[in-house]
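Going by numbering that gives the first Met the number 0, the sequence shown opens with residue 0, and the numbers climb by one from there. Cβ coordinates follow ideal geometry from the N, Cα and C atoms, glycine included. In what follows, a structure is listed as structure tokens, so that the remarks can point back to it.
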Amino acid sequence: MRGLEALEYFLENWDSKIRCFDEVQEFEAMVEYALGNDVRVVNTKVIIDRFFDRVIRFENEEFFDLKTSFLPEEIEYDPFSGNLYINRNLYRIKIAPKIC
0 MRGLEALEYF
10 LENWDSKIRC
20 FDEVQEFEAM
30 VEYALGNDVR
40 VVNTKVIIDR
50 FFDRVIRFEN
60 EEFFDLKTSF
70 LPEEIEYDPF
80 SGNLYINRNL
90 YRIKIAPKIC
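In structure tokens:
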């Protein structure tokens, strides 16, 4: 599943783990960032501003300067794993919400 529909479906499925504030939603997640052979995995807070800027931010030192604006076609949701992916030419970000 791709696009904004994928983002909406992801947020609906993880609704019990997500804190909502006006137009921003946040949750704890394991984030895997892959840029070529460099793969980093961290636990961090994920903040999604899905209505205006379409920005996903990460509150972690590893991702201090990473604020990802995304195009709808870059978003992919895997209903089997429950993970959200942002696919770009140079990198891929996998977001897996914490279960507990």
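Taking only three categories from DSSP, how would you classify residue i?
{"i": "F9", "result": "helix"}
{"i": "P96", "result": "strand"}
{"i": "L3", "result": "helix"}
{"i": "E25", "result": "strand"}
Measure the alpha-carbon distance for residue i versus residue j and round it to whole angstroms.
{"i": "N36", "j": "E7", "result": "31 Å"}
{"i": "E31", "j": "V38", "result": "7 Å"}
{"i": "L89", "j": "R18", "result": "30 Å"}
{"i": "I47", "j": "F26", "result": "9 Å"}
{"i": "P71", "j": "N59", "result": "24 Å"}
{"i": "N82", "j": "E75", "result": "9 Å"}
{"i": "I85", "j": "F69", "result": "8 Å"}
{"i": "E73", "j": "V45", "result": "17 Å"}
{"i": "A5", "j": "N12", "result": "11 Å"}
According to the neighbour-count rule (16 or more other Cβ atoms, all chains shown, within 10 Å of its Cβ), is residue i buried or exposed?
{"i": "F79", "result": "exposed"}
{"i": "V40", "result": "exposed"}
{"i": "L98", "result": "In the sequence as displayed, the identity of residue 98 is Ile instead of Leu. Classification of I98: exposed, given that the 10 Å Cβ count is below 16."}
Which one of the options has the shortest CA to CA distance from residue i?
{"i": "F57", "options": "D77, K93 and E73", "result": "K93"}
{"i": "R87", "options": "A33, N12, M0 and A28", "result": "A33"}
Spell out the partners DSSP gives residue i in its beta bridges.
{"i": "L34", "result": "D37 and Y90"}
{"i": "G57", "result": "In the sequence under discussion, the amino acid at residue 57 is Phe, which differs from the Gly named in the question. DSSP output for F57 lists V45 as bridge partner(s)."}
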